[in-house]
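K.L.:
Take this structure first; my questions come after.
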Amino acid sequence: MTLIDRILKSYKLLIAIPAAITLIALLLVTFNGLNESVDLKGGTLAELTLHKSVTQAELESLLREKLGTGDVKVLSIRGERATVQFGADLDVVKVSEALRGTATINSYKSVGPVLSRQAMNQIYWAIGFAFLFMSVTVFIIFRAPVPSLAVILAAASDIIIAVGGMSILGIPLSLASVGAILMLIGYSVDTDILLTTRVLKRRKGSINERALGAMKTGVTMSISAIASMAALYLVTVFLMPEARVLSDIASVLIIGLLADILTTWLMNLGILRWYLEVKS
Amino acid sequence: MNRKVSKFIKDYRVLLLIVLVVASITAISTMGIQQGLDLQGGSLIQIQLERPVDAATMNTVTSVLDKRLNIFGVKDVKVRASGDQNVIVEIAGVQPDQVAKIVGKPGKFEAKIGNETVLTGSDIVSVQSPIITGNEWEVPFRLSPEGARKFAEAARGKAGEPVKMYLDDRLITSPEISAEVATGKPVTDVRITGAENSKAEAEVQAKEIETLLKTGSLPVKVKIVGVSSVSPELGKQFTEGALIAGLLAVLAIALILIVRYRSPLLVLPIFFTTLAELILILGAAAVIRWNIDLAAIAGILAAIGTGVDDQIIITDEVLSGEGRRTRRKFRIKDAFFIIFASAGTLIAAMLPLAYIGFSRGATGIGLLAGFAFTTVLGVLIGVFITRPVYARFIETFNVAMRK
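Which chain is which? The protein sequence lines are A and B, in order. Residues 0 to 279 (numbering that gives the first Met the number 0) are what the first sequence spells out, left to right. Residues 0 to 402 (numbering that gives the first Met the number 0) are what the second sequence spells out, left to right.
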């Protein structure tokens, strides 16, 4: 018996690995929580180009004094670039006047409470309906409850693990990371559909052989997607740190795709084998 | 081999792809690709009305705002309604502070004598260009005969009393009623005057008042609820960065495919299919004048990522089958079952986002509409146009490729 055969034999135990990681991720999100970006909690984020060198404390006190608000945080100063966050949605006119002579605004984002509440609300609906529509499509495709549920469960696990990763790494919940989560719903289901189709529909070879063939294809798919996202991540982090939209999307997808390898080939495959064993 | 090549080229799917790629390149080079504000630099200002309004009122609001911005000399402005309570203003080039100043005001004009309102914005028929003398400015305007009569009646016998002129409840000027006006003779030419600290400030102030008077008042109170802007320099950096990222992503994928398949003959067609997909997506975007912004780029990356996935599925299905033709056909059918199923789920997952984007416009999560739209567009182009051609290619040449 080869190692792979031995591993495949104990599939029921292997289901526990992604299940445990999902549980840990769930606990992390519950207790460690998620940051919310300016999009969702409201506030102002400004990227500045500094015209003279100031320290973090100097810039902070300058803005506090001129804007008359204590809720100013200079997130970073690197060379002549600075990122500043304000608690409230500030009038861009006042901010640019306060900065006159010290810095100019490179990018500015201000979100009022009305808008942030609306966005937060829409996010729940969008993710909820995306997941629901995906599930319905999966049921239509396979028309068998257990295999369909296995796919849906694997997708749910991926999302939870990805959100858990966001919690550890401090990636904020934002419109960008929500985009990544929606993308993940599509991406993660790909490999699950491949696996389920190959195992259930093919006649040739044993279940293990079919699963191994699917795994070869599926892992190539996942690794090429991870590689392209890693390229995106590295470029955004080193070349354009202001394009946080893209680096957030990339990192959430990398975590989710790594999780997908586990959930597809340990959890989804395990459930499928269990299902076929009970059926026969 | 030659026979195979000509058979491949003559396939209607291949011909269709060639025609569409040529058409897309033509469309991109003639119409250009519209870049979103985050790539070309610019501002997006989200305005909320005090209450939901009907279509006619919304029309008035957007046209008043549009007129104001034009008069103020802001170029490349797009003002559009989003739902029944929001207006979105997009401006190329960064002037969010100027725009915020001019847009957020209802522009309500009132002239009062004592506590009585004697003139409102609707009495104004025309506004002349401001006159600047040193630090002082004046904006002359003309009243309707009806307005002038109303004013004259109210002013009769009140020489020396101030006429308080308010713009958006802010007292701008309060000239005294002259003896001539106090006789009750209607005067149609009136002016608002003031003084600032400098000539430049006087110019700005006068222009603002002229604009507000000229464009009349907004029917409802408006409030700026969100501003987001990116400087042109940063936008250029984003565009370049996205290009480099896309290139590196393709290289990374190619590397992995070379390691996996060890055959350039297989990796090259995947590369070309991916390129064709990118060209078709951008071509379609050029034709329908869809804005490519950072979110749309992420969507294109997602679509292309699934495209590569699909080609891996097709390749593996065909390579794992025996060389017999019928068997290969079967395999490709199997592969397309998986491809259509995953495309279906991805589109299903994007639908809610696209719906919010189209129904609510670019507020909140609607900012991601470009992402959802390009993903769906890319996936559709892929499953119906480019991936069948790749499958056809593998089917036709696969024997030659197998060692």
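Backbone N, C-alpha and C fix where the C-beta goes; we use that ideal spot for every residue, glycine too. Everything numeric in this text was worked out from a predicted model, so none of it was measured.
Check this for me: beta carbons of serine 232 of chain A and isoleucine 253 of chain A, under 8 Å apart or not?
P.N.:
The question names serine, yet the displayed sequence has tyrosine at residue 232 of chain A. Yes, they are a contact pair.
K.L.:
Using a beta-carbon distance below 8 Å, is glycine 225 of chain B in contact with chain A?
P.N.:
yes
K.L.:
Mind checking if valine 382 of chain B is an interface residue toward chain A, Cβ cutoff 8 Å exclusive?
P.N.:
For valine 382 of chain B, the nearest beta carbon of chain A is not closer than 8 Å to its own beta carbon.
K.L.:
I'd like to know if lysine 215 of chain A contacts chain B, where contact means its C-beta is closer than 8 Å to some C-beta of that chain.
P.N.:
yes
K.L.:
With C-beta atoms as the reference, is isoleucine 170 of chain A less than 8 Å away from valine 94 of chain A?
P.N.:
Judged by beta-carbon spacing, valine 94 of chain A lies beyond the 8 Å limit of isoleucine 170 of chain A, meaning their Cβ atoms are not closer than that value.
K.L.:
Helix, strand or coil for glycine 41 of chain B, going by three-state DSSP, please let me know.
P.N.:
strand
K.L.:
What's the gap between the Cα of leucine 170 of chain B and the Cα of isoleucine 176 of chain B?
P.N.:
Approximately 16 Å between the Cα atoms of the pair.
K.L.:
Would you call valine 18 of chain B buried or exposed, if buried means 16 or more other Cβ atoms sit within 10 Å of its Cβ?
P.N.:
exposed
K.L.:
Just to confirm, are serine 106 of chain A and glutamate 46 of chain A a CB contact at a threshold of 8 Å?
P.N.:
yes
K.L.:
Answer yes or no: does any C-beta atom of chain B fall closer than 8 Å to that of asparagine 207 of chain A?
P.N.:
no
K.L.:
Does the beta carbon of glycine 269 of chain A sit closer than 8 Å to a beta carbon anywhere in chain C?
P.N.:
Among the protein chains of the structure shown, namely A and B, there is no chain C.
K.L.:
Against chain A, does alanine 194 of chain B count as a neighbour if the rule is that its beta carbon must be under 8 Å from one of theirs?
P.N.:
no
K.L.:
Give me the residue from B/Met57, B/Gly183, B/Trp289 with the minimum Cα distance to glutamine 33 of chain B.
P.N.:
B/Trp289
K.L.:
In chain order, what residues of the same chain lie with their CB nearer than 7 Å to the CB of glutamine 39 of chain B, ignoring the 5 residues before and after it?
P.N.:
Ala91, Pro231, Gly234
K.L.:
Looking only at C-alpha atoms, which of B/Gly120, B/Asn85, B/Glu135, B/Phe7 sits nearest to glutamate 414 of chain B?
P.N.:
Given that chain B is displayed from residue 0 to residue 402, the structure contains no residue 414 of chain B and the question cannot be resolved.
K.L.:
Across which residues does DSSP place proline 144 of chain B in a beta bridge pair?
P.N.:
Beta-bridge annotation (DSSP): proline 144 of chain B is not paired with any residue.
K.L.:
Which runs of the alpha helix (DSSP H) at least 4 residues long sit entirely within the region 193-218 of chain B? Give them in chain order.
P.N.:
Unbroken alpha helix (DSSP H) stretches of 4 residues or longer found wholly inside the region 193-218 of chain B: 198-213, given in chain order.
K.L.:
With the cut-off set at 8 Å, would you say isoleucine 303 of chain B and alanine 334 of chain B are in Cβ contact?
P.N.:
no
K.L.:
Which stretch, first to last residue, makes up the alpha helix (DSSP H) that contains glutamine 55 of chain A?
P.N.:
55-66
K.L.:
Does the region 110-119 of chain B come close enough to the region 81-90 of chain B to have 3 or more Cβ pairs within less than 8 Å?
P.N.:
no
K.L.:
Can you tell me whether phenylalanine 138 of chain A sits near the ligand NAD, meaning its C-beta is under 7 Å from at least one heavy atom of the ligand?
P.N.:
Although the ligand NAD was asked about, the structure shown includes no ligands whatsoever.
K.L.:
In the DSSP output, what is glycine 42 of chain A paired with across the bridge?
P.N.:
A/Val110
K.L.:
Rounded to whole angstroms, what is the Cα-Cα separation between threonine 68 of chain A and glutamate 49 of chain B?
P.N.:
26 Å
K.L.:
Within 8 Å (strictly less), CB to CB, does arginine 386 of chain B reach chain A?
P.N.:
no
K.L.:
Look at the alpha carbon of aspartate 53 of chain B and the alpha carbon of aspartate 83 of chain B, and state the distance between them as a whole number of angstroms.
P.N.:
Cα atoms of aspartate 53 of chain B and aspartate 83 of chain B: separation of roughly 7 Å, rounded to the nearest angstrom.
K.L.:
Under DSSP, the beta strand (DSSP E) around lysine 222 of chain B begins and ends at which residues?
P.N.:
For lysine 222 of chain B, the enclosing beta strand (DSSP E) starts and ends at 221-229.
K.L.:
Please report how far the alpha carbon of lysine 402 of chain B lies from the alpha carbon of leucine 193 of chain A, in whole angstroms.
P.N.:
Confidence at lysine 402 of chain B is low in this model, with a pLDDT of 42, below 50, so the placement of that residue should be treated as unreliable; the coordinate-derived value is given next. Cα to Cα, lysine 402 of chain B sits roughly 26 Å from leucine 193 of chain A.
K.L.:
Check distances from the C-beta atoms of the region 93-109 of chain A to those of chain B and list, in chain order, the residues that come in under 9 Å.
P.N.:
Lys93, Val94, Ser95, Glu96, Thr103, Ile104, Asn105, Ser106, Tyr107, Lys108, Ser109
K.L.:
Does valine 92 of chain A come out as helix, strand or coil in the three-state DSSP assignment?
P.N.:
Valine 92 of chain A falls in the helix class under three-state DSSP.
K.L.:
For aspartate 247 of chain A, count the other beta carbons within 10 Å of its own beta carbon; 16 or more makes it buried, fewer makes it exposed. Which is it?
P.N.:
buried
K.L.:
Buried or exposed, going by whether 16 or more other CB atoms sit within 10 Å of the CB of asparagine 1 of chain B?
P.N.:
exposed
K.L.:
Taking contact to mean at least 3 C-beta pairs separated by less than 8 Å, is the region 218-225 of chain A in contact with the region 372-382 of chain B?
P.N.:
These segments do not touch.
K.L.:
Pop quiz: threonine 101 of chain A and valine 28 of chain A are said to be a contact at Cβ under 8 Å. What is the actual Cβ separation, rounded to whole angstroms?
P.N.:
Their Cβ separation, rounded to whole angstroms, is 40 Å, which puts threonine 101 of chain A and valine 28 of chain A out of contact at 8 Å.
K.L.:
Please go through the same chain and pick out, in chain order, the residues whose beta-carbon is closer than 7 Å to the beta-carbon of lysine 200 of chain A, but skip the five residues on each side of it.
P.N.:
none
K.L.:
When the distance is taken between beta carbons, is isoleucine 280 of chain B closer than 8 Å to isoleucine 299 of chain B?
P.N.:
yes
K.L.:
Identify each residue in the region 301-322 of chain B for which the Cβ-Cβ distance to at least one residue of chain A is less than 9 Å, and report them in chain order.
P.N.:
Ala301, Ile303, Gly304, Thr305, Val307, Asp308, Asp309, Ile311, Ile312, Thr314, Asp315, Glu316, Ser319
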